[in-house]
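S.K.: Numbering (our numbering), first residue to last: 55 to 138. The structure's right below; bear with me while I get my questions together.
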Amino acid sequence: MKQALVVTRYVLPAVVVLVGVVFVAVDPSGNWEGAACLIGAGLSISLLNILHRIGVDGDRARDKEQAQRRYFDKHGHWPDQRRP
């Protein structure tokens, strides 16, 4: 599972960008549009991965805060405080 995440987050975008760079290196006089599309696609994959990770981290923080508020409602103090 962790290996699949590494491949999706880092290897896939790097390979797509690398293929775009190779297109330009192989034929510098042409293929600019195709290379630009591939490089843009690779960067887009990276950006989507970053935005997804930011969203997931926000959900975790929200869930943690909600659990702390439920604890406060039940016990009358925050989980990291000593009992009054």
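Positions of the beta carbon are idealized from the N, C-alpha and C atoms, including for glycine.
Would you kindly check if the distance between the Cβ of Phe77 and the Cβ of Gly94 is under 8 Å?
M.R.: Position 40 of the sequence shown, counted from the first residue, corresponds to residue 94. Position 23 of the sequence shown, counted from the first residue, corresponds to residue 77. No. Outside cutoff.
S.K.: Round the Cβ separation of Tyr137 and His131 to the nearest angstrom and send it over; I've been treating them as touching at under 8 Å.
M.R.: For the purposes of this step, residue 137 is taken as the residue at position 83 of the sequence shown. For the purposes of this step, residue 131 is taken as the residue at position 77 of the sequence shown. A quick correction: the sequence has Arg, not Tyr, at residue 137. That pair is a contact at about 6 Å.
S.K.: Which of the three DSSP states is assigned to Ser100 in this structure?
M.R.: Within the sequence shown, numbered from 1, the residue matching residue 100 stands at position 46. Ser100 falls in the helix class under three-state DSSP.
S.K.: So for Arg137, helix, strand or coil by DSSP?
M.R.: Position 83 of the sequence shown, counted from the first residue, corresponds to residue 137. In this structure, Arg137 counts as coil in the three-state DSSP scheme.
S.K.: Return the CA-CA distance between Ser100 and Ala79, expressed in angstroms with no decimal places.
M.R.: Here residue 100 refers to the residue found at position 46 of the sequence shown. Here residue 79 refers to the residue found at position 25 of the sequence shown. The straight-line gap from Cα to Cα measures roughly 22 Å.
S.K.: Just the C-alpha distance for Asp111 and Arg63, rounded to the nearest angstrom, thanks.
M.R.: Position 57 of the sequence shown, counted from the start, is the residue given in the question as residue 111. Position 9 of the sequence shown, counted from the start, is the residue given in the question as residue 63. Asp111 and Arg63: Cα-Cα distance of roughly 16 Å.
S.K.: Among Leu97, Asp113, Ser83, Met55, which has the Cα closest to the Cα of Val69?
M.R.: Your numbering for residue 69 matches position 15 in the sequence shown. Checking every option, the nearest Cα to that of Val69 belongs to Leu97.
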